[in-house]
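Asks: Attaching a single structure in structure tokens format; questions to follow.
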């Protein structure tokens, strides 16, 4: 079945602490997978492009996507390879990630594995820097996917999600900025963008990426909201006040909700307001997937918080 939004990357099984020093609870994660699920909950026809192992964890992920209405047509199942897992440990300074993903199925994807016709017909391809950092083969695959989509006239959405545990800053900066220059929609977080650009002010960062040819920059500012910028306009979105439980998947919820609303309306500022609300709602529960809101929940929240 054709999809409007195809998300490329690695999904993993998550083990997340309920509280500092407490036991770990099983869930699911992976930034672009979370975004695909959030978009599906907004009513978008979304799919995932990845690979999982032929193990119990891979089967769990396939079951998750199917239950969420995310197409798995382009998820490979690689025999004899593991599915990645990760742990989220909570402490006074926030949450910390620990990964067990070396040699995972998704890291073994090659450009030849890509579904060429699907990439030529999709409206938006969404990927992140993590999709590229997990292996050189995955990085090559991501660039080829971007090339195919651009060649066919589709849009490329890119989250600069920076994980220095996966690659050194200089290598990350080179790859991320090369990809940003090929992207139509850029979804950076403020802390990552400061490291990547050496700039401090949100508007300076947005202008830096707009100068690369990006059409829309949606810069998340953590507890300060978000900045949406195009070459002609910029708007700060103020944060919503909510009770924070776990911010693990907030950025991914923002991405998925933004892309869903952008596909629906074509308006990046309306998409930003929708995404800002979705991200706020997502921090009220535990884990990266379970608390992600539906479109009805986001719209109700926007009505009551206006």
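Numbering (our numbering), first residue to last: 7 to 312. Glycine is no exception: its CB is placed at the ideal position from the N, C-alpha and C atoms.
(1) Leaving out five residues before and five after residue 285 in sequence, what residues of the same chain have Cβ atoms less than 6 Å from its Cβ?
(2) Could you tell me the distance, in whole angstroms, from the CA atom of residue 225 to the CA atom of residue 43?
(3) Distance, Cα to Cα, residue 29 vs residue 296?
(4) Beta carbon of residue 76, beta carbon of residue 124: below 8 Å?
(5) Within its chain, find whatever has a CB closer than 6 Å to the CB of residue 235; leave out the 5 residues flanking it on each side and keep chain order.
(6) Assuming residue 292 contacts residue 251 (C-beta within less than 8 Å), just tell me the rounded distance between them.
(7) Quick one, which of 26, 184, 194 has its alpha-carbon nearest residue 94's?
(8) Please check the pair residue 220 and residue 192, which I expect to be a contact at CB under 8 Å, by giving their CB distance rounded to whole angstroms.
(9) Do residue 147 and residue 198 have their C-beta atoms closer together than 8 Å?
(10) Please report the distance separating the alpha-carbon of residue 60 from that of residue 110.
(11) Taking the beta strand (DSSP E) that residue 258 falls in, what are its first and last residues?
(12) Using three-state DSSP, classify residue 146 as helix, strand or coil.
(13) Are the beta-carbon atoms of residue 245 and residue 229 separated by less than 8 Å?
(14) Alpha carbon to alpha carbon, what distance is there between residue 102 and residue 307?
(15) List the endpoints of the continuous beta strand (DSSP E) containing residue 239.
(16) With which residues is residue 13 paired in a DSSP beta bridge?
(17) If you follow the alpha helix (DSSP H) that residue 195 is part of, which residue opens it and which one closes it?
(18) Compute the Euclidean distance between the alpha carbons of residue 84 and residue 57, then round it to the nearest angstrom.
(19) Judging by CA-CA distance, which residue of 22, 290, 136 is the nearest neighbour of residue 92?
(20) For residue 82, write down the residues that DSSP places opposite it in a beta bridge.
(21) Quick one: Cα of residue 113 to Cα of residue 227, how far?
(22) Distance, Cα to Cα, residue 69 vs residue 33?
Replies: Taking the definition as stated:
(1) As a first step, residue 285 is located in the chain shown; it is residue number 279 there, counting from the start. Counting only Cβ-Cβ distances below 6 Å, and skipping sequence neighbours, we find 256, 259, 260.
(2) The count along the chain shown starts at 1 and reaches residue 225 at position 219. The count along the chain shown starts at 1 and reaches residue 43 at position 37. Between the alpha carbons of residue 225 and residue 43 lies a gap of roughly 21 Å.
(3) Start at 1 with the first residue of the chain shown, and residue 29 comes out as number 23. Start at 1 with the first residue of the chain shown, and residue 296 comes out as number 290. One C-alpha to the other measures close to 18 Å.
(4) Locating residue 76 in the chain shown gives position 70, where the first residue counts as 1. Locating residue 124 in the chain shown gives position 118, where the first residue counts as 1. Going by C-beta atoms, residue 76 is not nearer than 8 Å to residue 124.
(5) Mapped onto the chain shown, residue 235 falls at position 229. Within the same chain, residue 235 has close Cβ partners 212, 223.
(6) By 1-based counting over the chain shown, the position of residue 292 is 286. By 1-based counting over the chain shown, the position of residue 251 is 245. About 6 Å separates the two Cβ atoms, so the contact holds.
(7) As a working mapping, residue 94 is identified with position 88 in the chain shown. Closest by alpha carbon: 26.
(8) The residue labelled residue 220 in the question sits at position 214 within the chain shown. The residue labelled residue 192 in the question sits at position 186 within the chain shown. Between residue 192 and residue 220 the Cβ distance is about 5 Å, and since that is below 8 Å, they are a contact.
(9) Residue mapping note: residue 147 aligns to position 141 of the chain shown, counting from 1. Residue mapping note: residue 198 aligns to position 192 of the chain shown, counting from 1. No, the pair does not count as a contact, with Cβ atoms beyond the cut-off.
(10) Sequence index remark: in the chain shown, residue 60 carries index 54 (1-based). Sequence index remark: in the chain shown, residue 110 carries index 104 (1-based). If you take the alpha carbons of residue 60 and residue 110, they lie about 11 Å apart.
(11) Stepping through the chain shown from its first residue, residue 258 is reached at position 252. It is not in any beta strand (DSSP E) - residue 258 instead sits in the alpha helix (DSSP H) that spans 256-271.
(12) Here residue 146 refers to the residue found at position 140 of the chain shown. Note: residue 146 maps to helix in three-state DSSP.
(13) One-based indexing of the chain shown puts residue 245 at position 239. One-based indexing of the chain shown puts residue 229 at position 223. Taking the C-beta atoms as reference points, residue 229 is found nearer than 8 Å to residue 245.
(14) Working through the chain shown from its first residue, we reach residue 307 at position 301. Working through the chain shown from its first residue, we reach residue 102 at position 96. Using only the alpha carbons, I get a separation of about 29 Å.
(15) Locating residue 239 in the chain shown gives position 233, where the first residue counts as 1. Element bounds for residue 239: 239-243.
(16) The residue given as residue 13 occupies position 7 in the chain shown. Beta-bridge pairing links residue 13 to 54, 132.
(17) In the chain shown, the residue the question calls residue 195 occupies position 189. It is not in any alpha helix (DSSP H) - residue 195 carries neither H nor E in the DSSP assignment.
(18) What you label residue 84 is simply residue 78 of the chain shown in a count that begins at 1. What you label residue 57 is simply residue 51 of the chain shown in a count that begins at 1. Taking the Cα positions, residue 84 is about 7 Å away from residue 57.
(19) By one-based count along the chain shown, residue 92 stands at place 86. Closest option to residue 92, Cα to Cα, is 22.
(20) For this step, residue 82 is matched to residue 76 along the chain shown. Beta-bridge pairing links residue 82 to 57.
(21) Stepping through the chain shown from its first residue, residue 113 is reached at position 107. Stepping through the chain shown from its first residue, residue 227 is reached at position 221. One C-alpha to the other measures close to 30 Å.
(22) Working through the chain shown from its first residue, we reach residue 69 at position 63. Working through the chain shown from its first residue, we reach residue 33 at position 27. So the alpha carbons of these two residues sit roughly 12 Å apart.
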